[in-house]
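Presented below is the structure to which this report refers.
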Amino acid sequence: MEDRHDAADRARDRRGRRFQAREGLQVLSVIEHGKAIFELEAGPQHANPMGTLHGGVLCDVADAAMGVAYASTLADDESFTTLELKINFVRPFWSGTLMATGRVVKAGRTVGLTECDVTDSEGRLVARAMSTCMTLRGDPVERRR
Numbered sequence: 370m371e372d373r374h375d376a377a378d379r380a381r382d383r384r385g386r387r388f389q390a391r392e393g394l395q396v397l398s399v400i401e402h403g404k405a406i407f408e409l410e411a412g413p414q415h416a417n418p419m420g421t422l423h424g425g426v427l428c429d430v431a432d433a434a435m436g437v438a439y440a441s442t443l444a445d446d447e448s449f450t451t452l453e454l455k456i457n458f459v460r461p462f463w464s465g466t467l468m469a470t471g472r473v474v475k476a477g478r479t480v481g482l483t484e485c486d487v488t489d490s491e492g493r494l495v496a497r498a499m500s501t502c503m504t505l506r507g508d509p510v511e512r513r514r
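Per the working numbering, the sequence shown runs over residues 370 to 514.
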């Protein structure tokens with residue numbers, strides 16, 4: 370069986386680099402099999418018309434953390450797609466550092482459940498997201514690359 374740190378490193382290398390190009394978003398760590406932490410330095414470029422952080426940005430950082438966490442549970446010949454994504458915005462946020470901690474709640478053979486807490490620099494919850502993922506194997510994996 371593969372060492373959990375090997376799986377986490379593979380997931381970060383395979384999936385994480387795609388997200389690093391987004392302005393201010395970076396993978397901090399895939400600290401264990403099924404868990405990933407992202408950081409976003411949010412600024413005015415991420416604001417909605419009211420001046421607070423755009424909900425789509427929060428959704429994006431949560432989705433990235435959950436996706437890398439889920440990817441860390443997959444074999445080399447597997448991929449996945451998101452079936453459903455839900456987010457609750459708990460408090461407004463303007464600018465500064467956000468941490469998104471994605472976790473795999475349940476990884477079944479085909480369908481998995483992930484969640485993510487997005488917190489500010491003081492550890493206060495800003496948003497909580499959940500996602501349902503479907504593992505892809507065989508021909509469908511190749512057609513989606």
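Glycine is no exception: its CB is placed at the ideal position from the N, C-alpha and C atoms.
- For the pair Ala469 and Ala444, the CB atoms are not nearer than the 9 angstroms cut-off.
- Beta-bridge analysis with DSSP links Gly471 to Ala405 and Cys485.
- Per the C-alpha coordinates, the member of Gly424, Gln414, Pro413 and Ala411 positioned closest to Ala498 is Gly424.
- Residue environment for Lys404: buried (at least 16 other C-beta atoms within 10 angstroms of its C-beta).
- Here the alpha carbon of Phe462 sits roughly 18 angstroms from the alpha carbon of Asp432.
- For Ala498, the enclosing beta strand (DSSP E) stretches over residues Leu494 to Arg506.
- Put simply, the segment 436 to 454 touches the segment 473 to 485. At least three CB pairs are less than 8 angstroms apart.
- With respect to Leu422, Ala411 sits close: the two C-beta atoms are nearer than 9 angstroms.
- When Ser464, Leu409 and Thr450 are compared, the shortest CA-CA separation from Met419 is found for Ser464.
- The beta-carbon distance between Val495 and Arg460, rounded to whole angstroms, is 6 angstroms. This is short enough to meet the 8 angstroms contact definition.
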